[in-house]
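First the structure, in the form of structure tokens, and then the observations on it.
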Amino acid sequence: MKNVKRITAVVLLLIMAVSICACSGGNPLVGKWNYNLAFNDVVNNYVKDSINAADQSQKAMYEELFKAFDDCYITLTMEFNKDNTFSFAFDKESADQAVAKVKENMKTAIPNAYKAMGLSDEAFNSYLKSQNKTVDDLVNEFTREFSVEQLTDGVGASGNYEYKDNKLFLYKGDSKDEANYLEVEVKGNEFSINKVAGTVEGFKNVDSILPVKFTKA
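Numbering (our numbering) for the sequence shown: 38 to 254.
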């Protein structure tokens, strides 16, 4: 009986050893990763030059308008497969919900923006009356060209990948360009993109919001 127990224990240890070796030698990127992209980060990136050139009253106006984007996020998903293919896209449902929330928040942000420029409630209401408009009309005007597509222009890609020495190469076809890669760090269930070197499809104009940290789904 003792021999049987010893043999069983040895077999279990061998199985555990093989399992650990198999896991440690695997690709830590394989799987699905999510990142919540804050709308106000993207918006600030688009208009930062205009803000820097604005006077104090205009800056105060911008600050009120920016509040409409607080706590609005798009979920971005990167998925890495064992066959070294990948996909990168934003979740449309989360994006549509965020756009709807921004437009709702604008109903408060727009009147506050006018107040920040020195317009009283009475003067603001008189302005609306003179223009034969409502706050909803102003919201529609301010957000007419605001869309998920506009904010996520250039975000999204698919193809092949190679991960080595904290460099992540994303490319199409059979060959990669050594000058174009993402500088990344993988720690357990967290995957960070710290730098974009060269030109990487799906990651244009993201320098201002780096580093971005994805979490394992």
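We put the CB at the ideal spot given by N, CA and C, even for glycine.
Next item on the list: Could you please give me the residues that DSSP links to A234 through a beta bridge?
Entry: Y218
Check: Excluding the five sequence neighbours on either side, which residues of its own chain have a C-beta within less than 6 angstroms of the C-beta of E238, listed in chain order?
Finding: A194
Next item on the list: Evaluate M154 with the Cβ neighbour count: other Cβ atoms within 10 Å of its Cβ, from every protein chain shown; 16 or more gives buried, anything less gives exposed.
Entry: exposed
Check: Mind pulling the alpha helix (DSSP H) runs of 4 or more residues that sit fully within the segment 135-204?
Finding: 158-168, 172-179, 185-188
Next item on the list: Answer yes if the segment 141-155 comes into contact with the segment 116-124, meaning at least three C-beta pairs across the two stretches below 8 angstroms, and no otherwise.
Entry: no
Next item on the list: Could you check what DSSP says for L247 in three-state terms: helix, strand or coil?
Entry: coil
Notebook entry, point to check: Are the segment 75-82 and the segment 95-108 touching, with three or more C-beta to C-beta distances below 8 angstroms?
Noted result: yes
Check: For K253, which of helix, strand or coil comes out of DSSP?
Finding: strand
Notebook entry, point to check: Starting from G74 and walking both ways along the beta strand (DSSP E), at which residues does that stretch end?
Noted result: According to the sequence shown, residue 74 is Leu rather than Gly. Here the beta strand (DSSP E) through L74 covers 68-75.
Checklist line | Bounding residues of the alpha helix (DSSP H) (the contiguous stretch that carries S94) | finding: 93-103
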